[in-house]
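The opening position of the sequence shown corresponds to residue 182 in the working numbering, with each subsequent residue numbered one higher.
Here is the structure we will look at.
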Amino acid sequence: MLFGLSLRLSSFRKRPSFASSRGRTRRMCWFYMRLAQDADANYYAYPLDLVAQISDDLRVSSVHHLPTSEHDRLRSRARPFDRRRLHQPAHSEYHPNLRPSPARTLLPYRVLQPEGSSVRVGPGGLLTWDSWRLRVGFNYREGMTLHDVRFRGRSLFYRLSLAELFVPYADPRPVFQRKAALDLGNDGAGVNANRLRPGCDCLGVVSYLDGWLVTAEGEPLHMANVICCHEQDDGLLWKHTSFRTGNAVAARSRVLVLQTVMTVSNYDYMLAFILGQDASIRYEVRATGILSTVANSLDSPSPSYGTVVAPGVLAPSHQHLFCLRVDPALDGHDNSLLVEESRPLEPSDPHGVGFAPRSRVVEREAGFDLDPASNRVFKLVNEGVRNPVSDTPVGFRLDPWPSQMLLAQPNSFHAKRAEFARHAIWLTRYADDELFPAGRYTMQSLGREGIASAIESRSQAADASTTRNADIVLWHTFGCTHNPRVEDWPVMPCETMVVGLKPVNFFSRNPARQFPGLINGTIDEINKQLDLRCISSVDLVTTYTERIAQVNKIFRAVTEVNPEAISQARLLDENRGATGHRSPLYGLPILLKNVIATNDKMNNTAGSYAMLGARNVREAGVVKKLRAVGAVLLGKSNLSQWGGIRALKHTNGWSAHGGQVRGAYIQDQDPGGSSSGSAVAVDLGLAFAALGVDTTGSILIPAGRNNIVAIRPTLGLTSRDQVVPVSENFDVVGPMARTVRDASHVLQAIAGPDQHDGLTLKAPLPVPDFVAACNGASLRGKRIGVPWNFINALITGPPLNDELLAFNKTLKELGAAGASIITADFTEVAELKTWRNVVLGVDFPANMDTYLGGLTANPQEVRSLLSLRDWTQAHGQLEDYPNRDTGFWDVFLEKRAEGWSQSPHCKDYQDAVVKMKKLGGDGGILGAIERQQLDAVVMPTSITYRCVPFTGGPAITVPLGAYPDSAGVVRTSNGGLIEVGPKLPFGLTFAGKPWSETELIGMASAYEKLSNVRNKLRRSPAIPVPSAELLAKFKIVIAQFVSAVVGSTLFITQGES
């Protein structure tokens, strides 16, 4: 009996075998005593000096006494037990059942989330939170792993995992000299994961993830609640106090914690990935548990390699060396490692105060040490993607945990088995079978199987390829050297180690502002803030209007802002909570091309002063649909006047009413036409989206030139009623946005039948779910045709070859993503402009007569194309005539006088319509699709106006690339705008057969995610961009503070209203 309690002798787990002096392998097992009354008593409180030698059939062959002093050795002769080592249980027990109850000094602490968690967990380990999207995995060895980690849709990391943990002990006495464990390779973080419990392991509203492993018998093993996922307040996210006013603005930080806990014998490890709103990732290790102990003589001094923590109980010194495996995919898999050191400037610095970072890119696999003296920084970068502000490669910085590396001698057994512990940083090329830095099989390993040996082997072979712009892996060794303290007994307070991954010039501004930047903000991001009441529709209208005011004098993208937009937005805000399920467009401001009629205070001028004050008989069909889903009509966008059908020597994007639209990538950029203003406005974030109208390229061409997405729908999918017409054979209304998903949201809202457009009544119902086509979109198995004879006939010679080079590179990427790329030549490759102009020459005059004659208000009494021409010529100062002629109208009216009409008896017209159908059908896109059984045809967007409009089917353009800085400049003959030049974007178009929108959207979305071109392109430094951004409308707590100036602090708390 010990202090009224009994003791029980417990055999401890078998220790690894070791070689004797005679070279034979012996298996040893040593023993502890514990209190018998409670199974949770401390197994390490009363270590015995007994060790048993065990035969292969698990029989005890001999018993020895372990060393108990610094210079002692293994002995076979028995010695009596020293009863002085039996000490008070309260000194060595950690379990509350075996200890006195502590005094209560703290009040309860509760974490409440009345509206639930913002975390969403989907099938396959898919997890979304705030701007993050990733998948969570779990396996026997590594435990929790993260995959396909993305922030705001941009790829960051392919895989993150803890790859190994080595715990070597410092006790050099036989048999202790072999005491060390590779805890993941020998035991496994997954199989040793705890079942987590609410209120203890995790606080707040917690989501738990289960794991599935396989037993030695091959049976499935269910591991419940092995990962907890919860939000956590993390202090201040950012703050600034204006010393001028005394006012401060501060935002609270919220992080997402993904945590697992493993127990390996005596030690417990809390392992957590922590995701921040600033796009940072922290990997946090908290080491706790019980010290591994050995018996110690009470009559000898304590050894230098340990600490006596209780009578007769020695805790040897040891190290915990972790290895974090980081597989980057920063905007793609071709990444590099950049090593940066900060150094004083050259002696030429006259004041001796300057310093600057100096960087080098690592070209080969190697190991590296930390160097705080030079502020050595390790950056993972994508050299192919540059930050538009700093003009440096986008990247992420490793914030290492400064640690002492392995202290064992290089020729020691420990050093041979744990090669990764030589250096803090390792860089390797990716290899499918290289997941573990100490080798795949670590139990009883003899070394030379780890990361250093692999690098050495490859360096001597022919495959010692570069690590620059390659698929690479970064390994970080970190941990702690634990010289135990008495305060670590009987259970150790957490020892915390934190590794960081932080963006460096990856974003164009602080990503932690909690509300989207409007130049790239998506519908989903904006809606998230609207749902949280962080912003309102009024805020959106106000901010977009301010952005328009900041740059519209330069770019002329918007002709007018709706004076009723604020009142519309305010009403929608008031009704937001009462409307139940809402459209994603509810409360979002959208621009309309200035040919789409509205019944409000806005004009519908088609770019001409002749139409100021004119009124239509009703609103356009697409406008009615936008109002029905709660969209705010922000204003009208500028355009090529009358859709580019006026002057023979016209300029894309010019209108008398709106001025000259210019693109926003280089000075004097030709914006493309005719939906020029819509494209430029969307690109600059003057609205989240806009509607354009396409006749023969008027949506696709400007979208391609302005680095955005646009959809030309199938004729009949969207209404054209009360839209200034050009040709019923070609005209179609379509969405223009910055992402495929956003464009799909808008198309969803405006698609469907309209009783005033008979073609829409013939469309198949129901309208498909276009947005769903973006979910899980893939290119695998798709058959994509390339009409090389058509492309080569139109894209010839420099500088257009740059566009063709980018197109060829993209075809390879599509193929690598699983698509089959098939040559699909057209049988009709001819000059199309003549035939097109015959159709337009008949349709436009007839349609204009009908449209103008049907206006309910027409202040200038312009009732026909003839009277419109006369008015334009008579008001030359307003309409810039004769500098800009009326050549198209003159020819059309002349041909009408000669008998051109839509009559079936007009042979010229009927022949032209037949030819158009031939060029779009059997001789063009539709014929190629049919012959080759294609899912789509792809081509550079710049040439689509020569074929796409004649199919009657859909097409979607997505950003493809931009001309390099070395490209030559080509200016238009009219207006002198740059249509080819450095940094000017171009697009890629997917075209299909009628009613194939969902298929095209799926392919375009998959390509968009694969390429991420929009975020890679840079504007000329001379191009101004609007700076107005959303200001948060979070719950605001005003706290008075006392200082030299009394002011207020605004605490912005996300999620509260």
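Backbone N, C-alpha and C define an ideal beta-carbon position, used for all residues, glycine too.
7 Å Cβ shell around ALA1203 - same chain, five flanking residues per side excluded | GLN848
Label ALA468 either buried or exposed according to how many other C-beta atoms from any shown protein chain fall within 10 Å of its C-beta, with 16 as the threshold for buried.
-> buried
VAL180 - DSSP class collapsed to helix/strand/coil | The requested residue 180 is not part of the displayed model; the chain covers only 182 to 1238.
So, is PRO525 buried or exposed, given that buried needs 16 or more other C-beta atoms within 10 angstroms?
-> Classification for PRO525: exposed.
TRP670 - DSSP class collapsed to helix/strand/coil = coil
In terms of alpha-carbon separation, which member of VAL1010, LYS993 and SER1001 lies closest to ASN970?
-> VAL1010
What residue from LEU417, ASP1006 and SER236 has the CA that sits closest to VAL1119's CA?
-> ASP1006
C-beta atoms of SER312 and PHE332 nearer than 9 Å = yes
When the Cα atoms are used, what is the spatial distance from PHE617 to GLY631?
-> 8 Å
Taking one C-beta from the segment 1142-1158 and one from the segment 926-933 each time, how about it: are there three or more such pairs within less than 8 Å?
-> no
Residue interval of the alpha helix (DSSP H) (run including PRO883) = 881-886
Spatial neighbours of ASP219 in its chain, beta-carbon cut-off 7 Å, leaving aside the 5 residues before and after = HIS276, ASN278 and LEU279
Would you call the segment 1043-1058 and the segment 992-999 touching, i.e. three or more CB-CB distances under 8 Å?
-> no
C-alpha gap between LEU1100 and SER1201, whole angstroms | 39 Å
Are the CB atoms of HIS514 and TYR611 nearer to each other than 9 Å?
-> yes
Do the segment 485-495 and the segment 318-329 meet, that is, are 3 or more Cβ pairs less than 8 Å apart?
-> No: the two stretches stay apart, fewer than three of their Cβ pairs being nearer than 8 Å.
Given GLY1022 as reference, the closest of ASP1089, VAL905 and VAL890 once Cα atoms are compared = ASP1089
Across which residues does DSSP place PHE549 in a beta bridge pair?
-> ILE606
ASN691 versus PHE869 - alpha carbon distance = Spanning the alpha carbons of ASN691 and PHE869 requires a straight line of approximately 20 Å.
For ALA944, I'd like the list of residues in its chain whose CB is within less than 7 Å of its CB, leaving aside the five on either flank, ordered along the chain.
-> GLY897, LEU898 and PRO934
Cα separation between ILE1106 and ILE1002?
-> 15 Å
Rank GLY978, ASN1028 and THR832 by C-alpha distance to the C-alpha of ARG901 and give the top, closest one.
-> ASN1028
Burial state of TRP393, where buried means 16 or more other Cβ atoms lie within 10 Å | exposed
SER243 bridges to which residues according to DSSP?
-> GLN234
What residues are listed by DSSP as bridge partners for VAL913?
-> ASP875
Using three-state DSSP, classify ARG280 as helix, strand or coil.
-> In the structure shown, ARG280 sits in coil (DSSP, three-state: anything other than H, G, I, E or B).
LEU587 versus HIS595, ASP580 and PRO581, residue with shortest Cα-Cα distance | When only C-alpha atoms are compared, the closest one is HIS595.
Ordered along the chain, which non-local residues of its own chain (more than five positions away) have a Cβ less than 6 Å from that of GLY794?
-> PRO1040
Using three-state DSSP, classify ASN819 as helix, strand or coil.
-> coil
Quick one: what's got a C-beta closer than 7 Å to TRP1070's C-beta in the same chain, skipping five residues either side?
-> ARG827, LEU1046 and ARG1050
Candidates ARG666, ALA860, ALA1109 and GLY1142, of which the one nearest LEU472 by Cα = If we check each option's Cα against that of LEU472, ARG666 comes out closest.
Look at the alpha carbon of ALA1148 and the alpha carbon of PRO574, and state the distance between them as a whole number of angstroms.
-> Approximately 21 Å between the Cα atoms of the pair.
Can you give the Cα-Cα distance for ALA1213 and ILE704, rounded to whole angstroms?
-> Low per-residue confidence applies at ALA1213: pLDDT is 45, beneath 50, and the placement is therefore not dependable enough to give any value.
How about ILE700 and GLY866: are their beta carbons less than 9 Å apart?
-> Yes, they are a contact pair.
Per DSSP, what kind of secondary structure is PRO401 in: helix, strand or coil?
-> If DSSP states are grouped into helix, strand and coil, PRO401 belongs with the strands.
Within the same chain, show all residues whose beta-carbon is closer than 7 Å to that of PRO1205, passing over the 5 residues directly before and after it, in chain order.
-> So the list reads VAL732 and ILE735, once near-sequence residues are dropped.
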